[in-house]
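Asks: Pasting a structure here, questions to come.
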Amino acid sequence: MIEFDTRPDRDAEVALVGRSNVGKSTLMRELTGHSFDTGGKPGVTREPNHYDWAPEDFVITDLPGFGFMSGVDEDLREEIKTEIVHYLEAYADNVLVAVLVVDGKSVIDIIDRHSGPDEIPYDVEMFHFLRELDIPTVVAVNKMDKVDNEDERLNELCDRLGLYPPWKQWQEVIAPISAKKGQLEPLHEAVREHLHEQNRDDLFKFF
Ligand SMILES: Nc1nc2c(ncn2[C@@H]2O[C@H](COP(=O)(O)OP(=O)(O)OP(=O)(O)O)[C@@H](O)[C@H]2O)c(=O)[nH]1
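Position 66 of the sequence shown, counted from 1, bears residue number 65 in our numbering, the numbering being contiguous throughout.
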């Protein structure tokens, strides 16, 4: 079982979700300035990391990576995914913004490989699930430093997520970033917009 009872009891939360190895830990470190237990090895993050900011009654959470992880068997992978779903359902009212992190270099190939009559790719499924829960969601398209044809890639991603391209009209949803290079401005802007909509400008200092 994954331990989800480590969550500090905070009213407001921003949660990072995404497949394994997309760079969530790197992003978490950039956002918080705090180094969590990251590793080059996929599947390292099995427990949520919480950056607890008690004075503001606020927490930023990095949920475990889901999807393929080398050396992790199918049952555990499914278990982790189920636990993430339960966590998001349980705290849907607290999560002001979800950040779905994807790897800009590989996300289209992975989505297309897993699309079929009986299969919905994890990222697409998670995006729709978050919308069903009414959690405002930003897709942080990471590792853009490795992508040449940026607009084309982001338009394709919109298409796969059911958002009508061009991506530029979805800037509160699609945020191209490079966590490793500290290039996060589109994400900051998108998150701030959702916080503003919820009258939480007081949390801008985190983004
Ligand atoms: N080129 C590039 N590489 C990145 C970027 N962000 C992260 N990475 C690299 O991607 C790999 C995975 O990063 P992590 O932050 O450990 O990924 P994670 O999503 O936390 O992975 P899990 O622990 O499996 O959940 C590392 O080698 C990072 O250095 C980026 O913006 N650009």
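Backbone N, C-alpha and C fix where the C-beta goes; we use that ideal spot for every residue, glycine too. Small disclaimer: the values here were computed from a predicted structure and weren't measured.
How many Å lie between R18 and F206 at the Cα?
Replies: About 22 Å.
Asks: When you compare the CB positions of K104 and G64, do they come within less than 9 Å of one another, or not?
Replies: No; because the gap between Cβ atoms is not below 9 Å, this pair is not in contact.
Asks: Please report the distance separating the alpha-carbon of D122 from that of V71.
Replies: Taking the straight line from one Cα to the other gives about 19 Å.
Asks: How big is the Cα-Cα spacing for K142 and N154?
Replies: Rounded to the nearest angstrom, the two C-alpha atoms are 16 Å apart.
Asks: For R152, does the count of other Cβ atoms within 10 angstroms reach 16, so buried, or fall short, so exposed?
Replies: So R152 counts as buried.
Asks: Taking Cβ positions, are I173 and V140 nearer each other than 9 Å?
Replies: Cβ atoms of I173 and V140: closer than 9 Å.
Asks: Start and end of the beta strand (DSSP E) containing N141?
Replies: Taken as a continuous stretch (DSSP letters only), the beta strand (DSSP E) holding N141 covers 136-141.
Asks: Alpha carbon to alpha carbon, how far is A89 from L132?
Replies: Looking at the two C-alpha atoms, the distance is approximately 10 Å.
Asks: Please report the residue range of the alpha helix (DSSP H) in which A189 lies.
Replies: A189 -> alpha helix (DSSP H) spans 184-196.
Asks: When you compare the CB positions of P54 and T5, do they come within less than 9 Å of one another, or not?
Replies: For P54 and T5, no; Cβs fall outside 9 Å.
Asks: Please identify the residue among V13, D111, E149 whose C-alpha is closest to the C-alpha of A189.
Replies: Here the closest residue by C-alpha is V13.
Asks: What are the start and end residues of each continuous beta strand (DSSP E) run of 3 or more residues lying completely inside the segment 74-115, in chain order?
Replies: Runs of the beta strand (DSSP E) inside the segment 74-115: 94-102.
Asks: Sorry if obvious, but does the Cβ on S24 come closer than 8 Å to a heavy atom of ligand 1?
Replies: Correct: S24 has its Cβ closer than 8 Å to ligand 1.
Asks: Express the C-alpha separation of R45 and L30 in angstroms, rounding to a whole number.
Replies: C-alpha separation (whole angstroms): 20 Å.
Asks: Go through its chain and collect everything with a Cβ distance to K145's Cβ below 8 Å, but skip five positions before and after it.
Replies: Within the same chain, K145 has close Cβ partners G103, K104.
Asks: Buried or exposed: where does D61 fall if 16 or more other Cβ atoms within 10 Å of its Cβ makes it buried?
Replies: So D61 counts as buried.
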